[in-house]
Amino acid sequence: MEKSIKERTAPSQALIGVVAVSVGALVANIYYAQPLIASIGPSIGIGTALSGSLVSVTQIGYGAGLFFLVSLADLVENRRLVLIAVAVVIAGLVAIGLSQTAVAFCLASLCTGVCASAAQILVPFIAHLAPPERRGRVVGTVMGGLLTGIMLARPMALFIAGSFGWRIVFFVSAALMLAIGVALARAVPRYQPRQGLHYGQVLASMLGILRERPPVRWRALYQSLMFCAFNLFWTTVPLLLAQRFGLSEHAIGLFALAGTGGALAAPIAGHLADRGYIAAATAGAMAVLGLSFAGAIPVSGTVGLVWLALLAVLIDAAVQVNQVTGQHIIFSVPADIRGRVNAIYMTFVFIGGALGSVLGTVLYARCGWAATAACGALIGLVALSFHVIERMQGRQRVQA
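Counting from 6, one number per residue, gives the positions in the sequence shown under this note's numbering.
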């Protein structure tokens with residue numbers, strides 16, 4: 006018999022695993038096209054100058070979904086909402102694979118992006134289930150799955166497209182999402198949020214939540230800066246690897262695979278958050294990010310390539326640690342507003358990531374890798390400075 010969330014005291018390891026894989030697979034869908042635009046563009050009638058817009062459409066859809074779909078998690082039964090979104094993602098992926106024109110591709114990509122944001126419904130959902138003393142570890146495991154999905158998306162797309170063509174990438178993802186939909190339907194309990202608001206009130210309340218909860222503002226700011234640096238790195242490092250180190254697409258894919266090692270930091274961050282080391286972990290993550298970018302400025306030669314791979318792991322780990330510790334804080338809000346809080350938080354994070362992609366592309370084209378890496382180091386320093394300001398304000402409030 007199907008159980009509701011109220012009948013479960015804590016999520017099982019199997020449920021945590023299903024949710025971790027699901028969020029990774031959902032978010033991966035917005036990154037598959039990124040390394041394939043050179044192949045996709047000509048086949049649907051898009052020139053080189055506009056091919057970058059193919060990636061933007063899916064990301065725009067994801068950003069819209071973060072605000073308009075994820076906020077529904079405080080209003081609509083969560084399990085049903087996620088399953089409907091997964092069904093639309095499957096249809097969108099199949100439509101992308103079958104598309105013959107730019108209009109068809111973009112419409113399908115937009116729908117896929119909007120509903121892929123269901124990953125951010127599952128994250129606060131699993132936080133609902135987790136007891137407070139285990140919440141950091143549970144969320145850390147799930148966020149490890151999410152980052153792994155992001156990191157695996159590009160190399161897997163390159164490997165599959167290199168052997169079978171770009172369309173097969175989306176058909177394979179559709180099959181994977183079908184399996185995930187079945188697993189979610191079997192494993193996830195129902196959760197009906199407390200009623201009392203309609204959709205317009207839910208959206209209107211989000212500005213009030215942001216105004217009234219300073220910790221949400223601070224953590225959204227921190228992670229938007231960290232994700233800005235993350236996207237700055239992963240948007241430009243493939244260009245660096247191809248131009249300075251002469252790597253092929255498959256070799257760049259292998260480099261990206263090495264970067265997934267940073268996802269291992271998520272459970273560690275969860276343990277630190279559960280034990281109360283949130284401030285120290287946050288400051289450490291920001292420092293590691295800034296120092297890693299600074300260390301990447303002079304890379305060259307074979308040793309430089311190995312060093313860059315290690316720095317990639319450290320950058321990914323730093324972003325993951327800050328994400329997990331931040332979500333430990335934002336998910337401490339009352340359960341009936343967690344969906345909206347997560348929508349606010351992830352919308353800021355997504356904006357930061359989009360700005361990082363644009364900033365990285367422009368900087369690398371005009372100023373080269375050294376300036377790009379220096380910018381990443383500066384972002385880490387700015388984030389750390391904001392964290393120091395927050396801590397000083399906190400001490401002043403306590404003294405007052």
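All C-beta atoms, glycine included, are put in the ideal place defined by N, C-alpha and C.
Quick check on the DSSP output: what are the complete alpha helix (DSSP H) runs of length 4 or more inside the stretch 337 to 404, in order along the chain?
343 to 372 and 374 to 404
According to the Cβ coordinates, are Val318 and Trp312 closer than 8 angstroms?
no
Ile42: which of Val62, Glu138 and Gly29 sits nearest, CA to CA?
Distances from the alpha-carbon of Ile42 to those of Val62, Glu138 and Gly29 put Val62 closest.
Whose CA, out of Glu138, Ala225 and Val326, lies closest to the CA of Ile1?
In the structure displayed, the chain extends from 6 to 405; residue 1 sits before or after that span and is not available.
In whole angstroms, give me the CA-to-CA distance for Ala268 and Met156.
9 angstroms
Touching or not, the stretch 342 to 358 and the stretch 216 to 226, by the rule of three or more beta carbon pairs under 8 angstroms?
These segments touch.
Sequence ranges, alpha helix (DSSP H) only - wholly within the stretch 212 to 288, length at least 4
219 to 248, 254 to 264 and 270 to 279
Given 8 angstroms, three or more beta-carbon pairs between the stretch 287 to 300 and the stretch 157 to 176:
no
Quick one: what does DSSP say Pro129 is sitting in, helix, strand or coil?
helix
Among Gly154, Ile45, Val28 and Leu80, which has the Cα closest to the Cα of Tyr36?
Answer by Cα proximity: Gly154.
Given Tyr196 as reference, the closest of Ala359, Gly289 and Arg85 once Cα atoms are compared:
With distances taken between Cα atoms, Tyr196 lies closest to Arg85.
Which class does Ile65 belong to by DSSP, given the choice of helix, strand or coil?
helix
Report back the beta-carbon spacing between Gln150 and Gly29 to the nearest angstrom; my notes put them in contact at under 8 angstroms.
As written in the sequence, residue 150 is Gly, which differs from the Gln given in the question. Confirmed, Cβ separation roughly 4 angstroms.
Identify, in the order they occur along the chain, each residue of the same chain with its Cβ nearer than 6 angstroms to the Cβ of Ser122, setting aside the five sequence neighbours on each side.
Answer for Ser122: Tyr67, Gly70, Leu71, Leu74 and Val75, listed in chain order.
Where do the ends of the alpha helix (DSSP H) carrying Ile335 lie?
That run of the alpha helix (DSSP H) goes Gly306 to Ile335.
Is it true that the stretch 107 to 121 meets the stretch 378 to 385, where meeting means three or more beta-carbon pairs spaced less than 8 angstroms apart?
no
Can you tell me whether Gln228 is buried or exposed, with buried defined as 16 or more other CB within 10 angstroms of its CB?
buried
With a threshold of 8 angstroms, are at least 3 pairs of Cβ atoms found where one atom belongs to the stretch 321 to 336 and the other to the stretch 222 to 240?
yes
Report yes or no: do three or more beta-carbon pairs, one from the stretch 158 to 165 and one from the stretch 123 to 142, lie closer than 8 angstroms?
no
Helix, strand or coil for Gly145, going by three-state DSSP, please let me know.
In the three-state reduction of the DSSP assignment, Gly145 falls in the helix class.
Cα-Cα separation between Ile95 and Ala109, rounded to whole angstroms:
15 angstroms
Gln404 to Ile394, Cα distance in whole Å?
15 angstroms
I need the straight-line Cα distance from Ala107 to Gln64, nearest angstrom please.
16 angstroms
Nearest to Thr366 by CA position, among Phe298, Leu245, Leu277 and Gly258, is which residue?
Leu245
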